[in-house]
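This report concerns only the one structure given below.
Numbering (mature numbering (1 follows the signal peptide of the UniProt record, and there is no 0)), first residue to last: -25 to -1, 1 to 243.
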């Protein structure tokens, strides 16, 4: 019996399926390391942001903003140990005791900061500066983070002439979304995040119906353009989907004295 030759389209489909399965293969959980999810290339291009005045406190919040820090005190925050949802959902350590100096609060006390208020969709503005005196390198230099809804980390890091894995550099959604460019200012200079965030959607059974999405400007320059957040931003391993409602803004203490000022949120 004569067998008809396989069509070109069928062969291409089989090859494509094999490549797809190979590309999605993941290490077994017990064999994962931090390096398993580090990406180093290609490196986003370095660009120079516009100038700003270090003598001012940045823009004035709009009239409908919820001001989380105006330079006077940390009354809108509580202290937590760690920075996972388990840390802030179940316990807190009372009033935040980060020092406030000249209108700036510094993450130097061994506790992370959790906003008392919780949010769903929002616009967030904050300004930060990493230490002027450079110490350490890579992830050990000016490290902090802004956790959206307490779960999804927008990285804060000194990435001025400081290489690291690109899915963990400033402007990244940690281990998920690489920034489009690197508009970092020099250490000790004020930098600005402007964030538009749409919370994930879940059904009553806890199944995710749609990702969270985030658009981020760093120093006025687009670094995340409606990027999907697939789940929690894990240090080791892959994103986890955890159904949730409103959540806080969380500022991470990572052992570096990072300064924050002029923090406000608009609910959308």
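We put the beta carbon where it would ideally sit given N, CA and C, even for glycine.
Model, not experiment: these values are computed from the prediction.
Provide the residue(s) that pair with residue 242 in DSSP beta bridges, ordered along the chain. 97
N-terminal and C-terminal residue of the beta strand (DSSP E) that residue 171 is part of: 166 to 173
Do residue 243 and residue 76 count as a contact pair if the criterion is CB distance below 8 Å? no
If you draw a straight line from the C-alpha of residue 20 to the C-alpha of residue 168, how long is it? 19 Å
For residue 223, three-class secondary structure by DSSP: coil
Excluding the 5 residues preceding and the 5 following residue 161 in the sequence, name in chain order all residues of the same chain whose CB lies nearer than 6 Å to its CB. 135
For residue 159, does the count of other Cβ atoms within 10 angstroms reach 16, so buried, or fall short, so exposed? buried
In terms of DSSP beta bridges, what is residue 235 paired with? 80, 103
Contact set for residue 210: own chain, Cβ-Cβ below 7 Å, skip 5 residues either direction: 9
Under the three-state DSSP convention, the category residue 12 falls into: helix
When the Cα atoms are used, what is the spatial distance from residue 150 to residue 201? 16 Å
Would you mind stating whether residue 120 and residue 63 have Cβ atoms separated by less than 8 Å? no
Given a threshold of 16 other Cβ atoms within 10 Å of its Cβ, counted over all protein chains shown, does residue 185 qualify as buried or as exposed? exposed
Taking the continuous beta strand (DSSP E) assigned at residue 119, which residues delimit it? 119 to 123
What residues match up with residue 192 in a beta bridge as DSSP calls it? 169, 197
So for residue 114, helix, strand or coil by DSSP? helix
Identify, in the order they occur along the chain, each residue of the same chain with its Cβ nearer than 6 Å to the Cβ of residue 172, setting aside the five sequence neighbours on each side. 97, 123, 189
Going by DSSP in three states, residue 142 sits in which element: helix, strand or coil? helix
Are the CB atoms of residue 206 and residue 216 nearer to each other than 8 Å? yes
I'd like to know whether the C-beta atoms of residue 101 and residue 88 end up nearer to each other than 8 Å. no
Express the C-alpha separation of residue 140 and residue 114 in angstroms, rounding to a whole number. 9 Å
Among 219, 220, 194, nearest to residue 34 - alpha-carbon criterion: 194
Less than 8 Å between the CB atoms is what I'm expecting for residue 86 and residue 68, so what's the real figure, rounded? 6 Å
Starting from residue 127, trace the beta strand (DSSP E) both ways and give me its first and last residue. 127 to 131
Between the CA atoms of residue 5 and residue 46 - distance to the nearest angstrom: 45 Å
Rounded to the nearest angstrom, what separates residue 174 and residue 238 at their Cα positions? 19 Å
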